[in-house]
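Asker:
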Amino acid sequence: MSASTQPEAHPNKQPDIIRPYGDTTGDGMVQVSFTLPVPHDKRAEGAALQLAAKMGLEPALLVHAKAMGPDFTFFVVYGSAKHLVDLRDVTVVEREFPLLTPTEVNKAIKTRLRRKLVVVGACIGTDAHTVGIDAILNIKGFAGEKGLEYYREVKVVNLGAQVLVPELVERARAEKADAVMVSQVVTQRDAHIHNTTTMSAAFREAYPAGQVPLLVVGGPRFEEGSAAKLGVDRIFGRGTTPGEVASYLVHALAPARGTTTTTTKEKA
Amino acid sequence: MSSRAKPLLDLDPATVRQARALARKAGRPVVKLAQSHTTVSVERATLRLAGLAGADHERVPWVNHLVDAVRAEVGLEHGVTTPVYDALRRGEAPDLLTLAQKAASGSVQFRLPEGREATRARSAARREVSRGIRTIDKQRTTRDRLVRRHGDPEQRPWIYLIVATGDIYEDIPQAQNAAREGADIIAVIRSTGQSLLDYVPEGATREGYAGTYATQENFRLMRAALDETSKELGRYIRLTNYASGLCMPEIATLAGLERLDMMLNDSMYGILFRDINPIRTFVDQRFSRQIHARAGIIINTGEDNYLTTADAVEAAHTVTVSQLLNEYFAKEAGLEDWQLGLGHAFEINPDLPDSFRMELAHALLARQLFPKAPLKWMPPTKHMTGDVFRGYLLDGFFNLVGAMTGQGILLVGMMTEAVVTPFLSDRDLALQNVRYVLNAAGGLTEDFHPPRDGFIQTRARQVLGEAVDLLDAIVHDSDTAGDPPLLAAIADGTFGLMKRPADRGKGLDGVVVRAEGYDNPATTMLEEGSDR
Numbered sequence: 391m392s393a394s395t396q397p398e399a400h401p402n403k404q405p406d407i408i409r410p411y412g413d414t415t416g417d418g419m420v421q422v423s424f425t426l427p428v429p430h431d432k433r434a435e436g437a438a439l440q441l442a443a444k445m446g447l448e449p450a451l452l453v454h455a456k457a458m459g460p461d462f463t464f465f466v467v468y469g470s471a472k473h474l475v476d477l478r479d480v481t482v483v484e485r486e487f488p489l490l491t492p493t494e495v496n497k498a499i500k501t502r503l504r505r506k507l508v509v510v511g512a513c514i515g516t517d518a519h520t521v522g523i524d525a526i527l528n529i530k531g532f533a534g535e536k537g538l539e540y541y542r543e544v545k546v547v548n549l550g551a552q553v554l555v556p557e558l559v560e561r562a563r564a565e566k567a568d569a570v571m572v573s574q575v576v577t578q579r580d581a582h583i584h585n586t587t588t589m590s591a592a593f594r595e596a597y598p599a600g601q602v603p604l605l606v607v608g609g610p611r612f613e614e615g616s617a618a619k620l621g622v623d624r625i626f627g628r629g630t631t632p633g634e635v636a637s638y639l640v641h642a643l644a645p646a647r648g649t650t651t652t653t654t655k656e657k658a
Numbered sequence: 314m315s316s317r318a319k320p321l322l323d324l325d326p327a328t329v330r331q332a333r334a335l336a337r338k339a340g341r342p343v344v345k346l347a348q349s350h351t352t353v354s355v356e357r358a359t360l361r362l363a364g365l366a367g368a369d370h371e372r373v374p375w376v377n378h379l380v381d382a383v384r385a386e387v388g389l390e391h392g393v394t395t396p397v398y399d400a401l402r403r404g405e406a407p408d409l410l411t412l413a414q415k416a417a418s419g420s421v422q423f424r425l426p427e428g429r430e431a432t433r434a435r436s437a438a439r440r441e442v443s444r445g446i447r448t449i450d451k452q453r454t455t456r457d458r459l460v461r462r463h464g465d466p467e468q469r470p471w472i473y474l475i476v477a478t479g480d481i482y483e484d485i486p487q488a489q490n491a492a493r494e495g496a497d498i499i500a501v502i503r504s505t506g507q508s509l510l511d512y513v514p515e516g517a518t519r520e521g522y523a524g525t526y527a528t529q530e531n532f533r534l535m536r537a538a539l540d541e542t543s544k545e546l547g548r549y550i551r552l553t554n555y556a557s558g559l560c561m562p563e564i565a566t567l568a569g570l571e572r573l574d575m576m577l578n579d580s581m582y583g584i585l586f587r588d589i590n591p592i593r594t595f596v597d598q599r600f601s602r603q604i605h606a607r608a609g610i611i612i613n614t615g616e617d618n619y620l621t622t623a624d625a626v627e628a629a630h631t632v633t634v635s636q637l638l639n640e641y642f643a644k645e646a647g648l649e650d651w652q653l654g655l656g657h658a659f660e661i662n663p664d665l666p667d668s669f670r671m672e673l674a675h676a677l678l679a680r681q682l683f684p685k686a687p688l689k690w691m692p693p694t695k696h697m698t699g700d701v702f703r704g705y706l707l708d709g710f711f712n713l714v715g716a717m718t719g720q721g722i723l724l725v726g727m728m729t730e731a732v733v734t735p736f737l738s739d740r741d742l743a744l745q746n747v748r749y750v751l752n753a754a755g756g757l758t759e760d761f762h763p764p765r766d767g768f769i770q771t772r773a774r775q776v777l778g779e780a781v782d783l784l785d786a787i788v789h790d791s792d793t794a795g796d797p798p799l800l801a802a803i804a805d806g807t808f809g810l811m812k813r814p815a816d817r818g819k820g821l822d823g824v825v826v827r828a829e830g831y832d833n834p835a836t837t838m839l840e841e842g843s844d845r
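Top line first, the protein sequences correspond to chains A and B. The first sequence begins at 391 in our numbering and counts up by one. The second sequence begins at 314 in our numbering and counts up by one.
#1: If you count every other CB in all the chains shown that lies within 10 Å of the CB of His473(A), and 16 or more means buried, which is it?
#2: What beta strand (DSSP E) runs, 3 residues minimum, are completely inside the stretch 741-774 of chain B?
#3: Less than 8 Å between the C-beta atoms of Thr394(B) and Asn712(B), yes or no?
#4: State buried or exposed for Asp844(B), treating a residue as buried only when at least 16 other CB atoms are found within 10 Å of its CB.
#5: 8 Å is my cut-off, CB to CB: does Ser590(A) come that close to chain B?
#6: For the stretch 581-591 of chain B and the stretch 532-540 of chain B, state whether three or more C-beta atom pairs, one from each stretch, are separated by less than 8 Å.
#7: Distance, Cα to Cα, Leu414(A) vs Ala618(A)?
#8: Name, please, each residue of chain B whose Cβ falls closer than 8 Å to the Cβ of Ala551(A).
#9: Of the residues Val596(B), Asn531(B) and Ser557(B), which one's Cα is nearest the Cα of Arg572(B)?
#10: Where are the alpha helix (DSSP H) runs, 4 residues long or more, that stay fully inside the stretch 469-534 of chain A, in chain order?
#11: According to DSSP, is Met728(B) part of a helix, a strand, or is it coil?
#12: For the 8 Å Cβ check, are there 3 or more pairs between the stretch 356-363 of chain B and the stretch 375-383 of chain B?
#13: In chain B, what lies closer than 7 Å to Phe464(A) by C-beta?
#14: Which value, in whole angstroms, describes the spacing of the CA atoms of Asn639(B) and Ile408(A)?
#15: Can you check DSSP and say which residues form a bridge with Leu451(A)?
#16: On the CB-based measure, 16 or more other CB atoms within 10 Å of its CB, does Ser316(B) come out buried or exposed?
#17: Quick one: measure Cβ to Cβ for Ile472(B) and Leu723(B), integer angstroms, because I've assumed they're closer than 8 Å.
#18: Just checking my contact of Ala569(A) with Pro603(A) at CB under 8 Å: how many whole Å lie between their CB atoms?
#19: Under a Cβ-count criterion, where at least 16 other Cβ atoms within 10 Å of its own Cβ denotes burial, should His454(A) be classed as buried or exposed?
#20: In or out: Gln487(B) buried (at least 16 other Cβ within 10 Å) or exposed?
#21: Give, in chain order, every residue of the stretch 467-500 of chain B whose Cβ lies closer than 8 Å to some Cβ of chain A.
#22: Ignore the nearest five residues each way along the sequence and tell me which others in Ser557(B)'s own chain have a CB closer than 8 Å to its CB.
#23: Name, going along the chain, the residues of the stretch 521-543 of chain B whose beta-carbon falls closer than 9 Å to a beta-carbon of chain A.
#24: Tell me whether Pro407(B) is buried or exposed, calling it buried when 16 or more other Cβ atoms sit within 10 Å of its Cβ.
#25: Which runs of the alpha helix (DSSP H) spanning at least 4 residues fall entirely within the stretch 547-612 of chain B, listed in chain order?
#26: Quick one: which chain B residues come within Cβ less than 7 Å of Asp524(A)?
#27: Take Arg469(B) as the anchor and find which of Ala716(B), Gly609(B) and Val788(B) has the nearest alpha-carbon.
#28: Can you look up Thr650(A) in the DSSP assignment and give me helix, strand or coil?
#29: Strictly by DSSP, which residues pair up with Val546(A)?
#30: Is DSSP giving Pro692(B) helix, strand or coil here?
#31: Hey, is Gly418(A)'s beta-carbon within less than 8 Å of any beta-carbon in chain B?
#32: Any C-beta of chain B sitting closer than 8 Å to the C-beta of Ser392(A)?
#33: Got a sec: is the Cβ-Cβ distance from Ser423(A) to anything in chain B below 8 Å?
#34: Which residues in chain B have a C-beta closer than 9 Å to the C-beta of Met458(A)? List them in chain order.
#35: Quick one: is Met811(B) near chain A, going by C-beta distance under 8 Å?
#36: Would you call the stretch 784-801 of chain B in contact with the stretch 342-349 of chain B, where contact means no fewer than 3 C-beta pairs closer than 8 Å?
Laid out in structure tokens, this is it:
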């Protein structure tokens, strides 16, 4: 078994082919839980094992089955996943900019932009959850990093929740925004996608070509690499810190001399 | 609702009295303001009490049409009912609905009657509006009877569970299942956009974002379904919805008419977190709370929001301040102690040392400041990371604080918070968690006595002290416009760092200063306690 997981293992090289790790290298062990819409009996347990087998868990161990009301059964299954992961086939969006400290960000803006960088932020559409935008913008910040309000050279206008798109465009123009930041936390039926495309279209309509502010969206549901499709410049996902966003803004809006920026630079 | 012989925290009674006195001082000028204004939603709610329901083919409610038409012709300064019933008396239309329909097409002339004409219009209005008030009274009596018949939950806290599919016909079986699994209270979360709609949607709805629209028909359907389930389970299952937003008075009224049992109703939530105009909010809030008081509805306040937007340790005292203000405004509107589901939440960063002890201190402080109120204890959301296993443990500790400090209402935490809308199994696991903790540790209220001047007592005193300081700062706040100090404080960002000036915010254009002869039969009857 282990032969197949580490086909070309060199003493100092990580293997390219891996399996999940339970308590022994190569055991492939995973744990899953799910509910089936059947009453709890022997047949239900058989059904759970069948699903586990089809998911590639072989052998699978049904460790817990519990009736939830008359019509449903909840299962916990442990099993060895027969699938292999080839690390060489994994593609990720790498951060395309260096991480800067707040001092470096301020300095970069001051020397290269020679004025304050203006950021207008909002939650648009029906989303009333400002956690995301507040974590990035409010001085309080997130994960031990202070928010953009803390940066001396950044002017932050946080419009809060349930801001209408026209209102956002209008404020962005009035404030001469360099960047517009939109957060979408709680969404249903792909509302975050709809809201984002509406927003980017509205900006393109309201500004002359090439003068649209940098459009940045954030939220846990956005797909990495879908920025171009949504008509925005950058997407930030779960766990993004204010420092990353500030560094990105410098990279995109106040780049070091000699570097050129393109607005969409993510690998598809 | 715990009645303890000896208080667990050694709070200085003089400080507690001072805190309440300051809350009263901050609140009173705002009540005066509420008494001297009306809003489009207050007037629409009054028409709803008089029996006007339904909407046109574009789903614009008739109450909106009628209020807008009256406002355009004679203004709302004198209240909507006097010109409306004057028009009916003059034979402009045979009934209220027809009048609204004709008004929508601009074919009704409204005027402000004077003298005897005015008196007659007013008494007609009072007669019709009183029917709605009596329906609310009847629903309250029905609730009392059903609670007697089926009984209250055996344990405290009552278990509060949320359903939110967006489709009322999906919500119903989910709610019934949740009740069978042990929920005592079902809350139907609203579609996220609803609080900013300046009208109440009509009919049974099957489309919503992250929740289901609050409509009169949805209220009725869900209450009827839970009545069946209450009978089946031998336990009265309570129904909760959300009044906050631009239509607070109307949604409160519909809740009273359809026998909802609890309503989210916070005095400042709309201002701070939804950017609704402060005056609009305070006027709407007072009317809606008068309705809740009359309907025997328990209000739930939204102090959890302060802790999700600010740090739960640094901002702990803002919860206390908000609770005291909510208490003042609630009692002024006629609500009694048993109707005050004052909120607070378990939101301290679990990585902080002594986070659990601080949670205990804060929860006990609320318990002791409001001994007769059914406090609403809300689960962690901010520090739920997506690690569902850790989240499940955190919810267990949250439940433990609830059990140890005698909370009245416990909102069940989901380990999938911030991940997905809860699976059926998540809800089942969450209820198992609650049941285990209540069974295993519910009796701890008897053994748990934090030592005098120990960590918990000291922390609670500190938070109360900070709350008094903040209230003191509020009553001494001022602005150039000469607004009441509380409004000046809201304007300059005293709460949650959000600056909300009194002349800004959504719904401001729906605020009207009352004229000398303003008449609103609903307000009159709610204040008199009369029903004719």
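All C-beta atoms in this analysis are idealised placements derived from N, C-alpha and C, irrespective of residue type, glycine included.
Answerer: In this structure, then:
#1: exposed
#2: none
#3: no
#4: exposed
#5: no
#6: no
#7: The amino acid occupying residue 414(A) in the given sequence is Thr; Leu does not appear at that position. Whole-angstrom Cα-Cα distance: 42 Å.
#8: Phe586, Arg587 and Asp588
#9: Asn531(B)
#10: 492-498 and 521-527
#11: coil
#12: yes
#13: Ser738 and Asp741
#14: 58 Å
#15: Tyr468(A)
#16: Low per-residue confidence applies at Ser316(B): pLDDT is 46, beneath 50, and the placement is therefore not dependable, though the value from the model is reported in the following sentence. Answer is exposed; the Cβ neighbour count stays below 16.
#17: 6 Å
#18: 6 Å
#19: exposed
#20: buried
#21: Gly479, Asn490, Arg493 and Glu494
#22: Ser508, Leu577, Asn578, Asp579, Tyr582, Gly583, Arg587 and Gly615
#23: Gly521, Tyr522, Ala523 and Gly524
#24: exposed
#25: 561-570, 582-587 and 591-608
#26: Thr622
#27: Ala716(B)
#28: For Thr650(A), the predicted model reports a pLDDT of 46, less than 50, meaning its position is unreliable and no value from the coordinates is stated.
#29: Val509(A)
#30: coil
#31: no
#32: Below a pLDDT of 50, predicted positions are generally treated as unreliable, and Ser392(A), at 43, falls in that range; no measurement from the model is reported.
#33: yes
#34: Asn490, Glu494, Leu737, Ser738, Arg740 and Asp741
#35: yes
#36: yes
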